[in-house]
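Numbering (the numbering used here), first residue to last: 66 to 814. The C-beta atom is built at its ideal place from N, Cα and C for all residues, glycine as well. First the structure, in the form of structure tokens, and then the observations on it.
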Amino acid sequence: MAERDKPNVSTHNELSGSARDVMQVGEYNEHHHYPDLPRPEPVWDIHAESYGEFVNHDGARARAAALYSEKALGSRPRPALLHVLGPAGVGKTAFGAEVALLLRDLAREEGAGEVTGLYADLAGVRAAAGSAEELVHVSDVLGDFLRRLHMPAEAVPDGLAARREAFHAITGNRRTVVVLEGVTGLNEVRPFETGPGSMLIATGRTAIKGLVRRQVPCIRLPALAEEPALRLLRGFDSGDGRVHRLLREDPEGARALVARCGGLPLALRIAGARLARDPGLDVAGMLHRLDTAPRLPEELDRLDEAEGEGPRVAEVIAFGRRGLSARAAELYTALGECPGNRVPAGLASALLGSAEEARAALAELTDSSLLAWDGTGHRWEPLIRHDARARVQALPDADRRRLKGQVLSWYAAALAHADRVVAGARSRVTAEHGDGAADRVPGGYRAPFDPVPAAAREWAGGAAEAVPGLMRTALDLERGADALLLAESLWPVLHELRRDSLAAEVYRRALEDAVGPDDRAAAARMGNYRGRALLDGGAADEAGEAIAAAAAAAEASGDPRVLAPVLETRGLLNERTGRVGEAIGDVERAREIQRGLGNVRGEALYGYQLAALHLAAGDPGAAAAESERVASAVRREIGRLEGAESPEAAGRRNDWRSIGVRNATRLGRALLAGGDAEGAFARAGEALESLGADDAPVRWADAFAVRAEAAHALGDRAEAGECADRALRVYRDHHLHGRAEALCRALGI
């Protein structure tokens with residue numbers, strides 16, 4: 066029996082160098098440095114908005130707190146749901162953030178532990194898509210929440226029902242406050258209902274019949290009362306006390322101004338900012354200008370607020386706009402073409418053709434309360450965006466087409482840039498058209514993100530919802546190449562973030578509207594993306610139809626570079642529908658194509674996939690053979706890159722190292738399934754030695770799991786126990802309970 070096979074090997078733990086690096090020492094004279102992997106950071110996405118401190122919602126706050134205490138913090142925790150209603154501009158967003166922070170404090174005071182805070186703006190998603198009728202992809206938002214809760218993207222379940230179940234299970238095991246803004250129907254509320262001990266705060270403008278029938282507690286936020294409204298206005302005073310004096314000298318006018326603003330914080334902020342910024346304006350003068358101001362045509366100026374004798378918010382917004390300098394007013398109108406409620410950094414420079422003038426204009430818009438700064442960027446209030454949209458729609462057609470083209474060029478350049486940074490290489494369409502899009506940006510293109518994958522991915526993920534609307538713009542301007550550029554550049558991010566519903570919509574539009582009738586290669590690429598998105602979204606039958614059409618187009622194109630990824634997707638479909646033999650055939654053919662093209666990396670990746678398929682087919686010997694071939698390629702390529710100092714070479718070395726780590730773990734799994742515990746133990750050790758501090762914790766856990774099972778088979782209970790503890794902790798932290806249960810079964814624990 067080998068030394069490590071002895072059942073009662075004496076082992077002990079020693080601290081070496083750092084308290085975070087635990088060294089396991091055994092009789093077999095090997096030192097294993099196992100890093101103490103950090104636990105995921107607590108999630109809190111809800112931040113107080115910069116709306117000032119004067120909000121008279123004490124009663125509503127108290128009701129929300131009482132509901133949370135009664136249901137979520139009680140001795141028998143239950144789910145809590147609150148519906149918050151109010152007209153646009155009344156402060157629902159600020160109230161939601163304020164209440165979420167209050168509930169977190171209550172939980173801490175009760176000793177209930179940390180609270181997770183999640184936020185989603187469904188109204189913003191609709192605005193980004195360009196139409197209030199656009200579908201909100203609830204499944205994608207749930208996928209985002211699951212990722213924010215530290216579930217690995219590749220583990221996010223397929224389809225809405227499974228994601229809803231996973232979200233409910235997670236929120237049942239941790240206290241969570243979810244703020245869901247801009248809901249319009251019960252179908253947008255149900256999937257986000259939390260588990261026992263957690264609370265969902267849904268905001269909207271109108272009552273939802275389904276919630277009313279269920280007697281869900283509802284709070285209707287009132288407008289500000291007169292005194293809090295006047296305090297808000299006085300809050301815009303500078304050191305000279307001028308605004309205080311104006312309001313004090315004309316109390317009737319001050320009350321009339323509050324009434325004209327409807328007591329809505331949005332309108333009051335604009336009025337207060339204008340009083341503070343204009344030394345020649347007093348309260349009476351402001352009321353006079355509001356009464357006599359010209360208005361846009363009625364069809365372009367339709368707001369939800371009452372007209373006639375009621376609040377005239379439209380006039381207040383327009384009045385604030387008329388106080389702007391020429392360049393700030395120009396930017397205000399131009400940004401009406403910006404999709405969504407966010408104003409991306411860099412777009413203002415493109416629209417004005419000058420970074421310096423753009424900075425000054427954005428500062429002026431912010432000082433005027435026409436744009437908000439929330440600590441991460443500029444954003445519109447929906448009513449103000451409506452006004453800017455109406456202004457740009459009133460421009461002559463030629464001017465509006467010019468602005469549409471500028472916005473389109475900037476987004477196309479930015480998404481092509483993000484594609485290169487995230488994917489590490491140019492997609493085909495990006496290579497052909499990406500630089501041209503940047504060349505069309507007035508004043509020169511400036512990236513809105515740092516040149517690292519995480520920053521580019523975050524930016525592109527935030528811009529993704531705008532792409533369907535931008536594709537419509539591209540087609541209206543007869544710029545079909547840009548429509549394809551937007552779609553294809555977005556694929557790496559949509560796929561990685563599991564935005565399956567949005568991806569299916571984007572590539573459906575690309576196929577139906579942007580792909581030329583004779584462009585078989587483009588039809589194959591877009592169809593392949595759509596098929597993969599449908600498959601990941603749980604629509605296997607529809608995915609099969611899309612993939613079959615893509616395969617036919619790829620074969621007709623005669624381009625093997627197009628055919629290989631379609632075969633890969635078809636193989637994935639076959640695997641998920643139980644046809645593993647057909648899946649192996651598809652991926653083997655795809656690998657042969659990559660080999661013929663001289664694409665060593667593609668060949669290795671398909672070999673890695675084949676190893677998994679052979680394992681699924683119950684053939685660990687074939688799986689091990691495939692993994693050994695991949696390991697040889699990894700060693701050869703890393704050796705070939707040794708000594709090269711360029712950043713590109715360093716990136717390629719790291720890429721091959723990453724492939725090698727994953728492959729070593731898979732090889733260990735194959736050897737373990739074939740009865741070679743000794744070999745599995747060694748391969749898992751190689752994976753652990755190659756992993757770095759920046760690698761995903763789940764990769765560490767997978768390697769630890771293989772090593773734990775191998776050590777268990779070899780009789781080394783101490784090694785098996787330590788590795789299992791590390792793997793199980795990571796699996797549970799990341800909600801991979803299936804993997805945790807499988808490991809426990811294998812070890813008999």
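Taking the straight line between their C-alpha atoms, what separation do you get for residue i and residue j?
i	j	result
A621	A614	11 angstroms
G602	G306	59 angstroms
L473	T538	7 angstroms
A197	I273	Residue placement at A197 cannot be trusted, given a pLDDT of 47 that sits under 50; the coordinates are not used to answer.
A758	A519	16 angstroms
P815	A807	What is shown of the chain runs 66 to 814, which leaves residue 815 out entirely.
P685	L732	9 angstroms
L289	A162	18 angstroms
F232	L138	20 angstroms
L801	L753	20 angstroms
E219	V201	22 angstroms
G740	A689	12 angstroms
A569	H679	30 angstroms
D347	E314	10 angstroms
A145	V155	24 angstroms
L535	R797	40 angstroms
Specify the secondary structure class of residue i as computed by DSSP and reduced to three states.
i	result
T431	helix
R407	strand
V243	strand
D205	helix
C283	strand
P100	strand
A159	helix
A393	helix
W765	helix
W721	helix
W445	coil
A479	helix
A529	helix
A290	coil
A437	strand
Give the range of the beta strand (DSSP E) segment to which residue i is assigned.
i	result
L146	A145 to L150
M264	M264 to G269
A185	T181 to D186
Based on Cα-Cα distance, which residue from the options lies nearest to residue i?
i	options	result
L706	A696, R722 and S692	R722
V221	L562, G733, P516 and V248	L562
R734	N719, D720 and G750	G750
R278	A752, H148 and R240	H148
G269	L286, Q280, E258 and F257	L286
A616	R313, A483 and R585	R585
V164	R228, L225, D223 and A267	A267
D101	V631, C788, A807 and L812	C788
P330	L352, L311 and L298	L298
L340	A226, G385, E497 and T357	G385
A696	L166, F160, T730 and G318	T730
A629	V645, E380 and R660	R660
L293	R641, A319, L436 and V108	Rather than Leu, the amino acid found at residue 293 in this sequence is Pro. Looking at the Cα atoms, A319 is the closest of the given residues.
R564	E774, G224 and G470	G224
Following the continuous alpha helix (DSSP H) through residue i, name the residue where it begins and the one where it ends.
i	result
G592	R585 to D601
I335	P330 to R342
Y572	D565 to R574
S622	A605 to S622
I273	Segment: none, I273 is in no alpha helix (DSSP H) and carries neither H nor E.
G401	Careful: G401 lies outside any alpha helix (DSSP H) and carries neither H nor E.
L551	G545 to E561
I111	Looking at the DSSP string, I111 is not in any alpha helix (DSSP H), and its letter there is neither H nor E.
N639	P625 to R641
Taking 7 angstroms as the cut-off, is the CB of residue i close to at least one heavy atom of the ligand ADP?
i	result
V348	Of ligands this structure carries none, so the ligand ADP is not represented either.
Below 8 angstroms, can you find three or more Cβ-Cβ pairs linking the region 510 to 530 to the region 459 to 467?
Contact fails: fewer than three Cβ-Cβ distances are below 8 angstroms.
Three Cβ pairs or more, each shorter than 8 angstroms: is that satisfied between the region 499 to 519 and the region 560 to 577?
In short, these stretches do not touch, since the Cβ pair count stays below three.
Is the number of C-beta pairs between the region 209 to 223 and the region 146 to 162 that are closer than 8 angstroms three or more?
Result no; under three Cβ-Cβ pairs closer than 8 angstroms.
Would you call the region 183 to 195 in contact with the region 246 to 263, where contact means no fewer than 3 C-beta pairs closer than 8 angstroms?
The answer is yes - the region 246 to 263 touches the region 183 to 195, with three or more Cβ pairs under 8 angstroms.
Mind the definition here: the region 234 to 245 touches the region 168 to 185 only if three or more C-beta pairs lie below 8 angstroms; say whether that holds.
In this structure the region 234 to 245 touches the region 168 to 185; the number of beta carbon pairs closer than 8 angstroms is three or more.
Between the region 619 to 637 and the region 580 to 599, can you find at least three pairs of beta-carbon atoms closer than 8 angstroms?
The region 580 to 599, when compared against the region 619 to 637, does touch it at the 8 angstroms Cβ threshold.
Could you tell me whether the region 667 to 674 touches the region 649 to 657, where touching means 3 or more Cβ pairs closer than 8 angstroms?
Touching, yes, given that three or more Cβ pairs across the two stretches are closer than 8 angstroms.
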